[in-house]
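As structure tokens, the structure follows; a few thoughts come after it.
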Amino acid sequence: KRYNQSTSYALAVAQLSNLFGLGERIKGAWPIEDKALSIDQTKEIQTLLNLKGHKAGKVDGKIGSITREAIRTWQLENGFSGDGYANLLLLLQLRANTSLQK
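Sequential numbering of the sequence shown, starting at 275, is according to this note's numbering.
This is the structure in structure tokens:
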């Protein structure tokens, strides 16, 4: 993902690699219910992670390696798979976790 940080791009490259190299076909449908986060939603994730002591880096609305690592750490500490993936479900989990701590 050094060339392009997009998860969708990386997945497409991996799938094409399998298709060309191993002759495999894509299995399953694209998750159309998983919509991209807005910049404000991404900033909120970064802010909540920073408030919880997980160093998500600068609140800039961009999910880079530092933010992904903070997400992974928070997920693992809270019983979720540590995939580092930022989506609406993660934001809702962070919000719920924050309101429980108040």
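Backbone N, C-alpha and C fix where the C-beta goes; we use that ideal spot for every residue, glycine too. Nothing here was measured: the structure is a model prediction, and the numbers come from that model.
- When rounded, the separation of the alpha-carbon atoms in Glu343 and Phe354 is 14 Å.
- Per DSSP, Asp357 lies in no alpha helix (DSSP H) and is assigned neither H nor E.
- Less than 7 Å separates the beta-carbon of Ala330 from that of Gln320.
- Fewer than three pairs of CB atoms, one per stretch, sit closer than 8 Å, so the region 331 to 350 makes no contact with the region 288 to 308.
- The beta carbon of Asp357 lies closer than 6 Å to none in the same chain, with the five residues before and after it left out.
- In this structure Thr372 is exposed. Its beta-carbon is surrounded by fewer than 16 other beta-carbon atoms within 10 angstroms.
- Going by beta carbons, Ile345 and Ala360 fall inside the 7 Å limit.
- Minimum Cα-Cα distance from Leu325 among the listed residues Ile337, Trp348, Ala288 and Ala284 corresponds to Trp348.
- The shortest CA-to-CA distance from Leu323 to any of Leu296, Ser312 and Asn352 is the one to Asn352.
- Annotation: Lys317 to Ser282 spans about 20 Å, alpha carbon to alpha carbon.
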